[in-house]
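Colleague: What follows is a single structure, and I will ask about it in a moment.
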Amino acid sequence: IAGRAALEDGMAGRRFEDSVGLVANWWRPGEVWEVPYGALLPQQVGGLLAAGRCISAAGEAWEVMRVIHAAAHTGEIAGAAAGLCARRGTEPAELEPDALRDALRARGLACRLDDVADAS
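Residue numbers for the sequence shown, in my numbering: 10 to 129.
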């Protein structure tokens, strides 16, 4: 699904303003990808959130995002976003990433590389 943001080759370790999660590269230990909220938001369809291999990612980034641990993590992010939207009566595209990060951090999840003490 083409999202409002896309993950592409060479973006491992890159920080995103709207990052809402972290996914480790399963074949390259130590490499971590921030997940921008925009990669879960389809460009042309409202009221929808993508997760797992459906988020906006290509090439190596898609290879990292397609596996079970990444799919489960992005699914939890999308579910938390959907819950917040339902409670607030808002669309996913209108949800502020800060509000989503607060909800995810309350569950014990790291949302940005800066949240992880030993991030490089």
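By construction, the Cβ of each residue, glycine as well, lies at the ideal position given by its N, Cα and C atoms. What you are looking at is a predicted structure, and each value in this text was computed from that prediction instead of being measured.
Specify the secondary structure class of Arg73 as computed by DSSP and reduced to three states.
Modeller: One point to set straight first is that residue 73 is Val, not Arg, in the sequence displayed. DSSP places Val73 in helix when its eight states are reduced to three.
Colleague: Could you check whether Ala21 and Trp42 sit closer than 8 Å to each other, using their CB atoms as the reference points?
Modeller: Cβ atoms of Trp42 and Ala21: closer than 8 Å.
Colleague: Which residues in the same chain as Gly12 place their Cβ atom closer than 8 Å to its Cβ, once the five residues preceding and following it in sequence are excluded?
Modeller: Its chain contains Gly47, Ala48, Leu49, Leu50, Pro51, Gln52, Ala59, Ile64, Ser65 as the residues whose beta carbon lies nearer than 8 Å to that of Gly12, once the 5 sequence neighbours on both sides are disregarded; these appear in chain order.
Colleague: What is the DSSP secondary structure of Leu122, counted as helix, strand or coil?
Modeller: helix
Colleague: For Asn34 and Val73, what's the separation of their Cα atoms in angstroms?
Modeller: 5 Å
Colleague: How about Val8 and Leu113: are their beta carbons less than 8 Å apart?
Modeller: This structure cannot speak to residue 8, because the chain is shown only from 10 to 129.
Colleague: For Gly19, which beta-bridge partners are listed by DSSP?
Modeller: DSSP output for Gly19 lists no bridge partner at all.
Colleague: Which residue comes first and which comes last in the alpha helix (DSSP H) that contains Ala112?
Modeller: 106 to 115
Colleague: Between the Cα of Gly56 and those of Pro45, His78, Pro101, spot the shortest distance and give me the residue it belongs to.
Modeller: Pro101
Colleague: Nearest CA to the CA of Ala115: which residue from Pro45, Arg23, Arg24, Ile86?
Modeller: Ile86
Colleague: At what residues does the beta strand (DSSP E) containing Ala67 begin and finish?
Modeller: Premise fails: Ala67 is in no beta strand (DSSP E) and is neither H nor E.
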